[in-house]
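Student: Would you mind keeping the following structure in view while I ask a few things?
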Amino acid sequence: MGTEQVTFWRDPALANMEVLKATYIHHAFSRHTHEGYAIGVIETGVEAFDYLGSGHQAPAGSLVIIHPEEVHTGQAAVAEGWQYRMTYPSVSLMQQAMAELGRPASELPFFPEPVIRDRTLVRQFRQLHQALELGTSPLERESRLLWFLSHLIDRHSERRSPLPTLSSQPAAVRHTQDYLQQHYQDAVTLKDLAAAVDVSPLKLLRLCKKTWGLPPHRYLIQVRIARAKDLITEGVALSEVATVTGFADQSHLNRHFKRLMGVTPGQYQQGCRRSPGL
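Numbering (the working numbering), first residue to last: 867 to 1144.
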């Protein structure tokens, strides 16, 4: 493989679903989550990742699936790294596929195995991803996505309980989430955060790690990156994005953005401007 290469874009015909094609050798994803699903195929090499309390390895020819809001990592398991094609379908896209299969929209498909060996589905996914990359007609891209997701759900998912809501989280965690969403621009301290939600700092740390799988400072970085993505999509200059999202400077934004997203803010910006097939 030789060098690291990353191509990122969003597909307007598929609710701006994010799409990635990348080769990573030295890059390591820090612990993070996605709002939607992360689904892809390993083309060459082997990816290693921690997920749901265990370590996993995904070799070439395997399908990888990560659930929404589940903490995971990602790094090379072999010296040559790994090359993969990824898609990030939103919860709503998965619910649409569930509805087409006659399943309740209040449920999400749960995939008990994060690494799946299924030649038929791998072939379908590659055909889908190549269509997204080439920018074939919207009808073809929509059809291939629905065809793949419906088969994936039907062949490898289990029924999962209804979608969790904020009300199911401890009150202190809900309030912490609200506070960080509102104060992501500020230099938030643990002492101030604990006082705002009326619990001790240590108890707050334990509650957040138990509920989110992340301490508050890592959750705050995710909030800032999510806001940065929104601003980049809106066309805000990268230097201004760093300032208004609470990062010390653009290099600080770049470092954290790459660790979580696998692309730089500049590459994300280019992907937002890219038309399918270009």
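Don't be surprised by glycine CBs; every beta carbon is placed ideally from N, CA and C.
Source: prediction; values computed, not measured.
Looking only at C-alpha atoms, which of V907, K1095 and Q1135 sits nearest to D984?
Tutor: Closest by alpha carbon: V907.
Student: Determine the extent of the beta strand (DSSP E) in which R951 is found, giving its start and end residues.
Tutor: Run containing R951: W948 to Y954, per the beta strand (DSSP E) assignment.
Student: Exposed or buried, what is S928 when buried is set at 16 or more other beta-carbons lying within 10 Å of its beta-carbon?
Tutor: Looking at its Cβ environment, which holds 16 or more other Cβ atoms inside 10 Å, S928 is buried.
Student: What do you reckon, are the CB atoms on G921 and G947 nearer than 8 Å?
Tutor: Contact: no.
Student: Is it buried or exposed for R1088, if we count other Cβ within 10 angstroms and need 16 for buried?
Tutor: Correcting the residue identity first, residue 1088 is Gln in this sequence and not Arg. Flag for Q1088 reads buried.
Student: What alpha helix (DSSP H) runs, 4 residues minimum, are completely inside the region 925-992?
Tutor: Runs of the alpha helix (DSSP H) inside the region 925-992: 957-966.
Student: First and last residue of the alpha helix (DSSP H) that includes R1140?
Tutor: Element bounds for R1140: n/a, residue is neither H nor E.
Student: What is the DSSP secondary structure of R897, reduced to helix, strand or coil?
Tutor: It is a strand residue.
Student: Using C-beta distances below 7 Å, list every residue in its chain close to E1024, excluding the 5 sequence neighbours before and after it, in chain order.
Tutor: Same-chain partners within the cutoff: F976 and P978.
Student: Are the region 1056-1072 and the region 1097-1117 touching, with three or more C-beta to C-beta distances below 8 Å?
Tutor: The answer is no - the region 1097-1117 does not touch the region 1056-1072, with fewer than three Cβ pairs under 8 Å.
Student: Out of R989, E870, M883 and L987, which one is the CA nearest neighbour of V957?
Tutor: Nearest option by C-alpha distance: M883.
Student: Y890 and I931: beta carbons closer than 8 Å?
Tutor: No, the Cβ-Cβ distance between Y890 and I931 is not below 8 Å.
Student: Taking three-plus beta-carbon pairs below 8 Å as touching, is the region 1074-1082 in contact with the region 936-950?
Tutor: Yes, they touch.
Student: Tell whether a beta-carbon distance below 8 Å holds between G1132 and V872.
Tutor: No, the Cβ-Cβ distance between G1132 and V872 is not below 8 Å.
Student: I believe L1104 touches Q1135 by the beta-carbon criterion, under 8 Å. Please report the beta-carbon distance rounded to the nearest angstrom.
Tutor: That belief holds up - the Cβ atoms of L1104 and Q1135 are roughly 7 Å apart, short of 8 Å.
Student: Under 8 Å by Cβ, that's how I've got L1126 and F895 pegged, so tell me the actual separation to the nearest angstrom.
Tutor: Rounded, the Cβ-Cβ distance is 7 Å, consistent with contact.
Student: Beta-carbon within less than 6 Å of Q990's beta-carbon, same chain only, minus the 5 sequence neighbours each way: which residues are those?
Tutor: Once the five neighbours on either side are set aside, the close Cβ partners of Q990 are F1014.
Student: Pull up the distance between the alpha-carbon of R951 and that of E909, whole angstroms please.
Tutor: Their Cα atoms are separated by approximately 7 Å.
Student: Please report how far the alpha carbon of P1017 lies from the alpha carbon of E999, in whole angstroms.
Tutor: Rather than Pro, the amino acid found at residue 1017 in this sequence is His. Rounded to the nearest angstrom, the two C-alpha atoms are 21 Å apart.
Student: Only counting the same chain, and skipping five residues up and downstream in sequence, which positions put a Cβ closer than 8 Å to that of L1070?
Tutor: Cβ within range, chain order: A1038, T1042, L1056, L1059, A1060, V1063 and P1082.
Student: Going straight from the alpha carbon of H892 to that of L1073, what length do you get?
Tutor: Cα-Cα distance, rounded: 33 Å.
Student: Going by the beta-carbon positions, is the gap between L987 and R1021 smaller than 8 Å?
Tutor: Yes, Cβ-Cβ distance for L987 and R1021 is below 8 Å.
Student: Go ahead and pull the three-state DSSP assignment for D877.
Tutor: Residue state, collapsed to three classes: strand.
Student: Rank A881, D1044 and L1046 by C-alpha distance to the C-alpha of C1138 and give the top, closest one.
Tutor: Out of A881, D1044 and L1046, A881 has the C-alpha closest to the C-alpha of C1138.
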